[in-house]
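Contents: one structure, followed by commentary.
Numbering (my numbering), first residue to last: 3 to 376.
Below you can see the structure in the form of structure tokens.
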């Protein structure tokens with residue numbers, strides 16, 4: 003990656019001053035779907051406080067093991083080269099819905115020492131989308147609420163205006179809990195709720211700092227037509243911007259209602275290939291040939307290199323290596339270069355040279371070579 007001082011220069015000027023041959027080849031031809039970046043899964047995840055960790059480890063050790071990871075604050079992740087983050091959001095239109103998690107009461111009932119207050123500033127009492135993994139159980143976040151997380155992204159972006167685009171995956175949490183007596187039911191996401199979500203994003207990021215479905219569709223009738231024709235923005239035009247992606251597929255129809263092919267929307271849906279809104283697709287478990295085929299067609303694909311701490315505990319790299327070779331543009335992990343696993347082998351996911359991005363190994367472009375992309 004370029005130095006913090008050089009980051010303040012326009013990338014084209016940086017190339018000229020430093021006489022980098024790779025820059026001349028990147029130019030305005032390389033598209034954002036022709037690169038590959040490292041992302042983090044549940045990027046806000048602060049992990050369990052000590053007493054809660056002890057409680058859940060005793061109650062359900064298998065489930066606890068799958069949640070036993072944590073991430074550094076967003077800015078530190080970006081500093082290390084992460085270029086995709088994931089934020090899980092809960093609707094809270096009136097405020098206070100998640101202000102008193104039952105997990106704290108369970109810690110007290112178990113006669114364990116009280117953990118530090120997870121909401122010392124009273125943010126949870128105010129209306130607005132909240133960021134956490136599981137209400138009442140796994141609710142500690144490095145940023146809160148959603149709008150504050152976005153503000154952290156924008157602050158870092160403004161300090162590093164030449165960065166390649168940051169992909170922000172948004173997972174909307176809803177549905178009846180399995181144990182309703184102990185876990186509060188999330189507020190459902192309706193079309194109006196999604197309008198409010200878009201509004202929070204647009205409140206933080208002005209139009210010139212976001213790549214939206216409208217930008218990618220251009221003069222084509224549908225997003226699917228646009229991406230199959232290679233109409234993603236160039237890397238040069240996308241520098242300093244963010245792109246919002248939707249995680250789960252079932253909520254797509256609600257988000258699309260009244261917005262055919264995502265007209266006027268902010269997020270790209272996790273779509274079915276061939277559908278009018280298809281531009282971004284998740285293939286978290288592969289298989290590798292399926293991902294490679296989608297990437298060659300022009301779709302943007304996110305996959306996971308590890309899950310539930312399984313690969314990290316045994317330093318199993320087969321899944322990681324296969325997904326890196328698949329060409330998926332976004333490789334999501336719980337163990338980026340600045341946060342290797344603490345178990346023997348210290349499992350980690352990083353691009354060669356710990357770069358922020360590399361030329362896509364499957365969807366290669368004549369405009370890309372082994373030189374620095376950022």
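For glycine and all other residues, C-beta sits at the position ideal for the given N, C-alpha and C.
Since the model is a prediction, treat every value here as computed from it, not as a measurement.
| Asked | Found |
| --- | --- |
| Tell me whether residue 193 is buried or exposed, calling it buried when 16 or more other Cβ atoms sit within 10 Å of its Cβ. | exposed |
| Classify residue 213 as helix, strand or coil using the three-state DSSP reduction. | coil |
| From residue 171 to residue 257, what does the alpha carbon distance come to, in whole angstroms? | 15 Å |
| When you compare only the Cα positions, how much space is there between residue 6 and residue 374? | Because the pLDDT at residue 6 is just 42, under 50, the model does not fix this residue reliably, and the point stays unresolved. |
| Note down the Cα distance separating residue 223 from residue 230, rounded to an integer number of angstroms. | 12 Å |
| Throw me the rounded Cβ distance for the residue 333 and residue 40 pair, which I believe falls under 8 Å. | 5 Å |
| Would you mind sorting residue 377 into buried or exposed? The rule is 16 or more other CB atoms within 10 Å of its CB. | Summary: the structure shown does not reach residue 377, with the chain confined to residues 3 through 376, and so no result is reported for it. |
| Between the alpha carbons of residue 304 and residue 113, how many angstroms are there, rounded? | 43 Å |
| Are residue 144 and residue 335 closer than 8 Å when you measure CB to CB? | no |
| When the distance is taken between beta carbons, is residue 38 closer than 8 Å to residue 377? | With the chain running from 3 to 376 in the structure shown, residue 377 is simply not present. |
| Less than 8 Å between the CB atoms is what I'm expecting for residue 117 and residue 208, so what's the real figure, rounded? | Actually they are not in contact, since the Cβ atoms of residue 117 and residue 208 sit about 39 Å apart, beyond 8 Å. |
| For the stretch 212–227 against the stretch 259–274, do three or more pairs of beta-carbon atoms, one drawn from each stretch, fall closer than 8 Å, so that the two count as touching? | yes |
| With distances taken from CA atoms, which of 104, 93, 240, 180 is nearest residue 32? | 240 |
| Okay, do the stretch 348–363 and the stretch 72–85 touch, 3+ Cβ pairs below 8 Å being the bar? | yes |
| Within 10 angstroms of the Cβ of residue 63, are there 16 or more other Cβ atoms? Answer buried if so, exposed if not. | exposed |
| Which of helix, strand or coil does DSSP assign to residue 128? | coil |
| Pull up the DSSP beta-bridge partners for residue 47, would you. | 143 |
| Take the Cβ of residue 365 as the centre, count every other Cβ of all protein chains shown within 10 Å, and call the residue buried at 16 or more, exposed below. | buried |
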